[in-house]
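In terms of the working numbering, the sequence shown is numbered consecutively and its last residue is 466. The beta-carbon is built from N, C-alpha and C at its ideal position, and this holds for glycine as well. These figures come from a predicted structure and were not determined experimentally. Structure record follows, encoded as structure tokens.
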Amino acid sequence: MAAGSSVIGDSPGRAKPPDPLPRVLVFNFFADLKARGIPAYTAGLLQSLAHLGVPAIELKAPRWAVRLPPMLQNLLFVAYEQLVAPWLSRWHGCSLSIYPYNSVGLIDAVAGRAVMVVHDLIPSRRDSDGLAARYIRTCQRGHTWLRRPVAAVSRHTLRQLQRLPRFAPCEKYLWANPFYAFEAALAGHRVPLRRAGGETRVLLCSGSGPNKQFREALRLLTRLPDPKTWRVRVLGFGDEAALAVRRVEALPPVWRDRVEVLPKLDLDEIVREYLGADLVWVHSRAEGFGRPVVEARLCGRPVLASDIGAFRQLRKLHHVHLYREDSFDSAVGLARADAAKPCGHARAAFLHDQLEQEVMRLLTERPDRARRSR
Numbered sequence: 093m094a095a096g097s098s099v100i101g102d103s104p105g106r107a108k109p110p111d112p113l114p115r116v117l118v119f120n121f122f123a124d125l126k127a128r129g130i131p132a133y134t135a136g137l138l139q140s141l142a143h144l145g146v147p148a149i150e151l152k153a154p155r156w157a158v159r160l161p162p163m164l165q166n167l168l169f170v171a172y173e174q175l176v177a178p179w180l181s182r183w184h185g186c187s188l189s190i191y192p193y194n195s196v197g198l199i200d201a202v203a204g205r206a207v208m209v210v211h212d213l214i215p216s217r218r219d220s221d222g223l224a225a226r227y228i229r230t231c232q233r234g235h236t237w238l239r240r241p242v243a244a245v246s247r248h249t250l251r252q253l254q255r256l257p258r259f260a261p262c263e264k265y266l267w268a269n270p271f272y273a274f275e276a277a278l279a280g281h282r283v284p285l286r287r288a289g290g291e292t293r294v295l296l297c298s299g300s301g302p303n304k305q306f307r308e309a310l311r312l313l314t315r316l317p318d319p320k321t322w323r324v325r326v327l328g329f330g331d332e333a334a335l336a337v338r339r340v341e342a343l344p345p346v347w348r349d350r351v352e353v354l355p356k357l358d359l360d361e362i363v364r365e366y367l368g369a370d371l372v373w374v375h376s377r378a379e380g381f382g383r384p385v386v387e388a389r390l391c392g393r394p395v396l397a398s399d400i401g402a403f404r405q406l407r408k409l410h411h412v413h414l415y416r417e418d419s420f421d422s423a424v425g426l427a428r429a430d431a432a433k434p435c436g437h438a439r440a441a442f443l444h445d446q447l448e449q450e451v452m453r454l455l456t457e458r459p460d461r462a463r464r465s466r
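This is how it looks when you write it as structure tokens:
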């Protein structure tokens, strides 16, 4: 077996079918390099396959890749996706290879055994002209030209795919974000009682990506009155926390010591951060899915979030307050009022059921047009 790969194996689950299912390869290159984002989604996808009794091989980066700079990690990612993953899939006799990083192994796509998972269409934007965006667009063009199946991680992303002509020939599936590990970690904690008065503790979920607009979030923060009544902790920068710290240091002095950037955390520590906050703030200009929004609601915390399509889809979770530039102050007031009272807890079971049903549909119904090339 190739370095960095492991057999997840057959696990009993509530939806396990009686007939044997094909073995699949799951390309999860950044599993040991990054804790959040797509690796977290892929870990949940692997757990879903285990529930269904599907034998799965997980391909990860070699352990020594953690010492490489990001540019070399990205180059190694391309080599693994285009060469190692198709070879390993064929070596183990996998009938399906799942590529969950918005791109795909083109050899597997030509062979008719690839499904590409799309999280968002940010690389397809005209202002996304970096090498990574170009690579993703090239992979997507080849995959869609071959009419291979595509999975979207949210209804918002699925609707976007349905509107794009190049995805029209592809069979589309909704593989919703799972939260198995997060709910398991949450089960080990007691929800703390809310305090009366004092500072409002805010957990700002952000990151280094341009869509996160961290500078813009800080600008909005400085509009709020009475800085001494706020305490903000920033989650999501991980190994790039130094970048966020530099931007915080540029804030006016009255705000500088009210904002703390968190280092890379494990899942248990992340859950504690959610539970320790009075409200969760998620600022972004574009997302495929609002994972921090759901995590906050799983923890019973009200959410302040940008008014974008992916977040609008999650208003049904209740206590999700959306804002634009001109409504930020009023949305903050509503979220802060929610923070002073019980908000109830969302449940992710419906997302898990939906994911397992759609995965099973692909495995058992493999449509002819997903196999044929033009």
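ask   = Given 8 Å as the limit, is there contact between the segment 379-391 and the segment 196-215, that is, 3 or more CB pairs closer than that?
value = Judged by Cβ distances under 8 Å, the segment 379-391 makes contact with the segment 196-215, as three or more pairs qualify.
ask   = Does the separation of the CB atoms of Ile-149 and Leu-180 fall below 8 Å?
value = Contact flag set, yes.
ask   = Is Arg-389 helix, strand or coil by DSSP?
value = Arg-389: helix per DSSP, three-state reduction.
task = Determine the burial state of Gln-254: buried for a count of at least 16 other Cβ atoms within 10 Å of its Cβ, exposed for fewer.
result = Result: exposed.
query = Do you know offhand how far Lys-408's Cα is from Pro-319's?
reply = Cα-Cα distance, rounded: 31 Å.
request  = Throw me the rounded Cβ distance for the Arg-325 and Glu-352 pair, which I believe falls under 8 Å.
outcome  = Rounded, the Cβ-Cβ distance is 5 Å, consistent with contact.
ask   = Okay, do the segment 340-352 and the segment 397-411 touch, 3+ Cβ pairs below 8 Å being the bar?
value = As far as the Cβ criterion goes, the segment 340-352 does not touch the segment 397-411, which means the pair count is below three.
query = Whose C-alpha, out of Leu-357, Glu-332, Val-294 and Leu-367, is nearest the C-alpha of His-281?
reply = The shortest CA-to-CA distance from His-281 to any of Leu-357, Glu-332, Val-294 and Leu-367 is the one to Leu-367.
message = If you follow the alpha helix (DSSP H) that Ala-429 is in, where does it begin and where does it stop?
response = Here the alpha helix (DSSP H) through Ala-429 covers 420-430.
message = Can you tell me which residues form a DSSP beta bridge with Cys-297?
response = Per DSSP, Leu-327 and Val-374.
request  = Specify the secondary structure class of Ala-397 as computed by DSSP and reduced to three states.
outcome  = DSSP places Ala-397 in strand when its eight states are reduced to three.
task = Give every residue of the same chain whose Cβ lies closer than 6 Å to the Cβ of Ala-193, excluding the five residues on either side of it in the sequence, and list them in chain order.
result = Per the sequence shown, residue 193 should be read as Tyr rather than Ala. The answer, listed in chain order, is Ile-130.
query = If you drop the 5 nearest sequence neighbours on each side, which residues of the same chain put their C-beta closer than 8 Å to that of Gln-446?
reply = Closer than 8 Å at the Cβ level, and outside the excluded window around Gln-446, lie Leu-266 and Ala-268.
inquiry  = Please report the distance separating the alpha-carbon of Arg-350 from that of Val-294.
reply    = For Arg-350 and Val-294, the distance between alpha carbons rounds to 10 Å.
ask   = Would you call the segment 388-395 and the segment 301-316 touching, i.e. three or more CB-CB distances under 8 Å?
value = Contact between the segment 388-395 and the segment 301-316 is absent: fewer than three C-beta pairs spanning the two stretches fall below 8 Å.
ask   = When the distance is taken between beta carbons, is Leu-151 closer than 8 Å to Val-116?
value = No; because the gap between Cβ atoms is not below 8 Å, this pair is not in contact.
Which listed residue (Arg-404, Arg-226 and Trp-322) has its alpha carbon closest to that of Gly-425 = Distance from the Cα of Gly-425 is smallest, within the candidate group Arg-404, Arg-226 and Trp-322, for Trp-322.
inquiry  = Report the start-end ranges of each alpha helix (DSSP H) in the segment 144-176 that is 4 residues or longer and not cut off at the edges.
reply    = Secondary structure within the segment 144-176: the alpha helix (DSSP H) runs of 4 or more consecutive residues, fully enclosed, are 162-171 (chain order).
request  = Express the C-alpha separation of Pro-257 and Phe-119 in angstroms, rounding to a whole number.
outcome  = When rounded, the distance between both Cα atoms is 27 Å.
task = Going by CA-CA distance only, name the one from Asn-303, Asn-166 and Ala-279 that's closest to Val-374.
result = Taking only the C-alpha atoms, the option nearest Val-374 is Asn-303.
message = Looking at Leu-250: is its Cβ nearer than 8 Å to the Cβ of Val-202?
response = Result no, Cβ atoms of Leu-250 and Val-202 do not sit closer than 8 Å.
inquiry  = One question on the structure: do Leu-144 and Glu-448 come within less than 8 Å of each other, judged by their Cβ atoms?
reply    = The Cβ atoms of Leu-144 and Glu-448 lie closer than 8 Å to each other.
request  = Compute the Euclidean distance between the alpha carbons of Ser-103 and Pro-147, then round it to the nearest angstrom.
outcome  = In this prediction, Ser-103 has a pLDDT of 39, which is less than 50 and means its spatial position is unreliable; what the coordinates show is noted afterwards. Distance between the alpha carbons of Ser-103 and Pro-147 is about 8 Å.
message = Among the candidates Tyr-272, Gly-299, Ala-206 and Gln-305, whose CA atom is the shortest distance from the CA of Lys-264?
response = If we check each option's Cα against that of Lys-264, Ala-206 comes out closest.
ask   = Would the C-beta of Tyr-272 count as close to the ligand FAD, meaning under 7 Å from any of its heavy atoms?
value = This structure lacks the ligand FAD; in fact it carries no ligand of any kind.
inquiry  = Given this structure, state the Cα-to-Cα distance separating Asp-221 from Tyr-272, to the nearest angstrom.
reply    = When the Cα atoms are used, Asp-221 and Tyr-272 turn out to be separated by approximately 35 Å.
query = Going straight from the alpha carbon of Asp-358 to that of Pro-241, what length do you get?
reply = Cα-Cα distance, rounded: 33 Å.
Sheet register partners of Glu-352 (DSSP bridge) = As DSSP reads the structure, Glu-352 sits in a beta bridge with Arg-325.
key: Residue nearest to Phe-121 in terms of C-alpha spacing, selected from Gly-136, Ala-157 and Gly-330   = Residue Ala-157 is the option with its Cα nearest to Phe-121.
request  = Pull up the distance between the alpha-carbon of Ser-187 and that of Leu-354, whole angstroms please.
outcome  = Cα to Cα, Ser-187 sits roughly 42 Å from Leu-354.
inquiry  = Is the separation between the beta-carbon of Phe-259 and that of Thr-236 shorter than 8 Å?
reply    = In contact: Phe-259 and Thr-236 (Cβ atoms closer than 8 Å).
ask   = Apart from the five residues on each side of it in sequence, which residues of its chain come closer than 6 Å, Cβ to Cβ, to Ala-427?
value = Closer than 6 Å at Cβ, skipping near neighbours: Leu-371, Pro-394, Leu-396 and His-413.
As assigned by DSSP and simplified to three states, the class of Phe-271 = DSSP places Phe-271 outside both helix and strand once states are collapsed to three, so it counts as coil.
ask   = Going by DSSP, what residues sit across from Thr-292 in a beta bridge?
value = Residue pairing by DSSP puts Thr-292 in a beta bridge opposite Trp-322.
ask   = Would you report the Cα separation of Pro-384 and Val-245, rounded to the nearest angstrom?
value = About 14 Å.
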